[in-house]
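Below: one structure, written as structure tokens.
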Amino acid sequence: HDSNGDDGLDKEEAAVFFSHFVAEEGALAEAMAASTMRKSLEASIAMVLGMMGALGGGGEEGQQEAEEMRKAMKADFDKTLAESLESIKTDVAKQLAEYQANKSERDQAAFAVMDTNNDG
206 HDSNGDDGLD
216 KEEAAVFFSH
226 FVAEEGALAE
236 AMAASTMRKS
246 LEASIAMVLG
256 MMGALGGGGE
266 EGQQEAEEMR
276 KAMKADFDKT
286 LAESLESIKT
296 DVAKQLAEYQ
306 ANKSERDQAA
316 FAVMDTNNDG
């Protein structure tokens, strides 16, 4: 982004950098949310199945029940994850649209935070 090679970003270079950053940030937010949700739901499934095992129901019948429960929970998990991801995508798209509608003001505010020595 330092197109003039002066080891800094002038206002035009910073504007290009920030536009690229914002464009990538939405995808990052979606990926992080999906990963967090996936890990949380997988941990919940493992915990419930672990509790079932601790409560008894050993043997082949208990294992079959646990497998059926795991499959049912996985189906619910997949549905919940898909619905949540759609919601996250909608939220990210809305936030990006709001940013783009007020791009100049938002960029100026962001630059003011990053430009600690006020040299542009």
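For the sequence shown, the numbering used here assigns the number 206 to the initial residue and increments by one for each residue that follows. Think of the CB as a built atom: it goes at the ideal place given N, C-alpha and C, for glycine as much as any other residue.
| Item | Value |
| --- | --- |
| With a cut-off of 8 Å, do at least 3 Cβ pairs link the region 288-308 to the region 226-235? | yes |
| Between the Cα of ASP312 and the Cα atoms of ALA219, SER208, GLY213 and GLY255, which residue gives the shortest distance? | ALA219 |
| For LEU233, count neighbouring C-beta atoms within 10 Å of its own C-beta (all shown protein chains included) and say buried if the count is 16 or more, exposed if not. | exposed |
| Using only alpha-carbon positions, find the residue among LEU214, ALA271 and ALA248 that is nearest to ASN282. | Reading off the sequence shown, one finds Phe at residue 282, where the question assumed Asn. Closest option to PHE282, Cα to Cα, is ALA248. |
| Can you round the beta-carbon distance between LEU246 and ARG275 to whole angstroms, since I take them to be within the 8 Å contact cut? | About 12 Å separates the two Cβ atoms, so there is no contact after all. |
| So, helix, strand or coil for SER208, using DSSP? | coil |
| Cβ of GLU235 within 7 Å of Cβ of ILE293? | yes |
| Would you kindly check if the distance between the Cβ of ALA277 and the Cβ of MET257 is under 7 Å? | no |
| Where does GLY213 fall in DSSP's three states? | coil |
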